[in-house]
């Protein structure tokens, strides 16, 4: 959830292996793991800016002020929580086409696997 709206739903194993929403990716990239820090080198999804005021949520996609993929559609049109294969749902105009590779990188880093 981000500012009170669901951004991604998935079976836990799928979400941890490859989050599709940029916010879920940032959350998982920031979560501590039992693996050494050097194994996570290169996968940092730090968010820029400050979180918006929930009482005055941004127009369009609520995550757009902090999203690395932001485009005009994000600022003007809220994405629908769309059904994908395997019981996944994601609210991003660009998922999974433009977000899957970054999600896999986050998932591999969490497992201590080298980047592809």
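Numbering (the numbering used here), first residue to last: -9 to 106. Note that the Cβ used here is the ideal one computed from N, Cα and C, for glycine as well.
Counted within 10 angstroms of its Cβ, other Cβ atoms place residue 20 as buried (16 or more) or exposed: For residue 20, the number of other beta carbons within 10 angstroms of its own is below 16, and it is reported as exposed.
Close Cβ partners of residue 93 (< 6 Å) along its chain, the five nearest in sequence each way excluded: Taken in chain order, the residues that qualify are 8, 9, 10, 15.
Secondary structure of residue -4, DSSP reduced to three states: Coil.
Residue span of the alpha helix (DSSP H) that contains residue 12, given as start and end: It spans 12 to 20 - the alpha helix (DSSP H) in which residue 12 sits, taken as one unbroken run.
Closest by C-alpha distance to residue 90, when choosing among 1, 5, 101: Selected option, being the one with the closest Cα: 5.
Where residue 40 sits in the DSSP three-state scheme: It is coil, neither helix nor strand.
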